[in-house]
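Peer 1: Each residue of the sequence shown is one higher than the last, beginning at 1 in UniProt numbering.
Don't be surprised by glycine CBs; every beta carbon is placed ideally from N, CA and C.
Before we start, here is the structure in question, set down as structure tokens.
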Amino acid sequence: MTDSGTVDIHISLYDYTNDIRVNLWLSCEGIFPTAKVYGLGDRPKSCHLYGFGDHPQGSLSGITSSCIMQGCEEILLLLGEYCASTLLQTDISIRKGVNLGYIVVSTCLDYLLSEPFTYALYFVTAMGHVNFGVSAAFPASSPADALQAPAASVLVIGAGLAGLAAARQLLRFGLRVLVLEGRARPGGRVYTSRLGGGQAAVELGGSVITGIHANPLGVLARQLGIPLHKVRDRCPLYHTDGRTVGTRLDRSIDLVFNTLLDHATRLREALKEAAEGISLGEGIERLRRLYNVAKSEEEREVLDWHLANLEFSNAGCLSELSLAHWDQDDQFEMGGDHCFLAGGNSRLVHALCDGVPVLYEKTVKRIEHGVDGVSITVEGGQVFQADMALCTVPLGVLKSGSIVFDPELPENKLGAIQRLGFGLLNKVAMVFPSVFWDEEIDTFGCLNKESSKRGEFFLFYSYHTVSGGAVLVALVAGEAALEFEKIDPVVTLHRVLGILREAETNTETPEMIQSGHGNRSGR
């Protein structure tokens, strides 16, 4: 306590949802049996709150000695801009909240003074308010003893991002957990391969963190100190003969494309229920003809490129997307920059694996469940038993029926599995001895003459900034992605190399060192 009777408190908190650190200063006049930190706009008149490290008397560390004299019993910890009603949900919609949320922590003063942040983190993770990240909140255990302790047991099926994140949360809750993974590696559809003699990290599965704001993957990367590379905006387009698409044509068709999407939204609103039977592709084409835009061959090829990019974003053909509902998830998309992860996304996977017991090459074939628990049979006949099971396998696996449930899943779940669709994207990854394209770009696009092939190698990602090698990844979307599945990989490789040789990259395309094929789907 200062001579004027003012209590100064400084608390530094990490906001996991918005991935920011907040320094709070509180100056309270008079003697209080309990010191409190209040939210902005919510403090009593007797308190003055300084914001974000701008305390007029300089920087303080932890809770000051003046606070110790008060014998604090309670501190209100400001967690961030959360809405109280969504705090209890286990999804990222908490970032949409507009109210300040608080957690009341009551404990002895000595513990608060020694580990205030650790205790706060333990509390919010144990209550399920923070359910991602890699901050240690549970002791590591091995597969051998994972189901031997006296607590309730859970078998998690699948060591993808969902399975690993769920396993960590369950371990925080104090349950016994064992993860069964069918592959010989973790990560599921996130798969970083090492090509070019093991020097280059190449993503053959999910590759881009699409929106860094409030994204658990972004938080995870920053916790681990992994550099994030913003995907730069400039994306030159190339005609089929190698010429660069002119700026005027590029901008005009970009405007046409966005205008058509705006009109498609208005068309949906005007048609109401009648829009249910119309595909997004059909709606856009009708509007294009109605407004008589993108008439020339060049204009149509550039518009097709934008449509292919839209199919890439939705991982599906526009002819299969509903005009009425195609953008229903827009409000839940992550904001901010799109980023590449230095060294590959497998770094996140391996961090999530830390301390989590996983058995590999345990392909689940049968799940028997009832009031007495669950019994899971894997390929080869080995049986695992537990109190509960959590199935995190991809939707495509559930659709295939390769896992038998006994008793059968209820009708509502079977119906959901049947109705839900999943998308498909394909890619060809190539490692070269050197970068022969513009090093100041991360993407470039190539046009196609045929609308049905507009998604074939329409976009190239350059990973030379983050992969450790001269890596290009050619993407295939829409109808072309479906056809890609039927074509010999050698043929597709020759096609993509032919496209690169045509493009004006200011130098000859060198001989490729190595290539790899991958996809991102719900299988």
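Where are the alpha helix (DSSP H) runs, 4 residues long or more, that stay fully inside the segment 203-269, in chain order?
Peer 2: 216-223, all fully within the segment 203-269.
Peer 1: Suppose you measure from the CA of Thr492 to the CA of Ala477; what does that come to, to the nearest Å?
Peer 2: Using only the alpha carbons, I get a separation of about 14 Å.
Peer 1: What are the start and end residues of each continuous alpha helix (DSSP H) run of 4 or more residues lying completely inside the segment 368-419, in chain order?
Peer 2: Entirely contained in the segment 368-419, the alpha helix (DSSP H) runs reaching 4 residues are, in chain order, 395-400 and 411-419.
Peer 1: What did DSSP end up calling Arg194 once you bin it into helix, strand or coil?
Peer 2: Arg194: strand per DSSP, three-state reduction.
Peer 1: Got a sec: is the Cβ-Cβ distance from Leu164 to anything in chain D below 8 Å?
Peer 2: The question asks about chain D, but that chain is absent: this structure has only one protein chain.
Peer 1: Tell me, to the nearest whole angstrom, how far the beta carbon of Thr210 is from that of Met334; I am working on the premise that it is less than 8 Å.
Peer 2: Contact flag correct, Cβ pair sits at about 6 Å.
Peer 1: Where does Lys427 land, buried or exposed, given buried means 16+ other C-beta within 10 angstroms?
Peer 2: Flag for Lys427 reads buried.
Peer 1: Nearest CA to the CA of Pro394: which residue from Val190, Leu178, His213 and Val134?
Peer 2: Closest option to Pro394, Cα to Cα, is Val190.
Peer 1: For His263 and Leu287, which I take to be in contact (beta-carbon distance under 8 Å), what is that distance rounded to the nearest angstrom?
Peer 2: About 5 Å separates the two Cβ atoms, so the contact holds.
Peer 1: Report the start-end ranges of each alpha helix (DSSP H) in the segment 279-326 that is 4 residues or longer and not cut off at the edges.
Peer 2: Here the runs fully enclosed are 280-291 and 297-314.
Peer 1: Is it buried or exposed, Asn291, if we count other Cβ atoms within 10 angstroms and call 16 or more buried?
Peer 2: Here residue 291 is Tyr; the residue named in the question, Asn, does not match the sequence. By the 10 Å Cβ count, Tyr291 comes out exposed.
Peer 1: Classify Val490: buried if its beta carbon has 16 or more other beta carbons within 10 angstroms, exposed otherwise.
Peer 2: So Val490 ends up on the exposed side.
Peer 1: Quick check on this structure: which residue in Leu310, Leu260 and Leu280 has the alpha carbon closest to the alpha carbon of Arg454?
Peer 2: For the residues Leu310, Leu260 and Leu280, the minimum Cα distance to Arg454 belongs to Leu310.
Peer 1: Would you mind sorting Ser467 into buried or exposed? The rule is 16 or more other CB atoms within 10 Å of its CB.
Peer 2: Ser467 should be labelled buried.
Peer 1: So Val179 is in the alpha helix (DSSP H); what residue range does that whole segment cover?
Peer 2: From DSSP, Val179 is part of no alpha helix (DSSP H) but of the beta strand (DSSP E) over Arg176 to Leu180.
Peer 1: Determine the extent of the beta strand (DSSP E) in which Val428 is found, giving its start and end residues.
Peer 2: Unbroken beta strand (DSSP E) run through Val428: Leu424 to Phe432.
Peer 1: Smallest Cα separation from Cys339: which of Val177, Leu180 and Gly218?
Peer 2: The residue with the shortest Cα to Cα distance from Cys339 is Gly218.
Peer 1: Counting C-beta neighbours from all protein chains within 10 Å, is the total for Gln169 16 or more, i.e. buried, or is it exposed?
Peer 2: It counts as buried.
Peer 1: Among Thr509, Asn314 and Leu224, which residue has its Cα nearest to the Cα of Gly344?
Peer 2: Per the Cα distances, Leu224.
Peer 1: Between the Cα of Gly242 and those of Asp304, Cys446 and Phe257, spot the shortest distance and give me the residue it belongs to.
Peer 2: Of the listed residues, the one whose Cα sits closest to Gly242 is Cys446.
Peer 1: Can you check DSSP and say which residues form a bridge with Gly421?
Peer 2: According to DSSP, which records beta bridges pairwise, Gly421 is partnered with nothing at all.
Peer 1: Pair every Cβ in the segment 268-283 with every Cβ in the segment 319-333, then say whether three or more of these pairs are closer than 8 Å.
Peer 2: Output reads yes: the segment 319-333 touches the segment 268-283.
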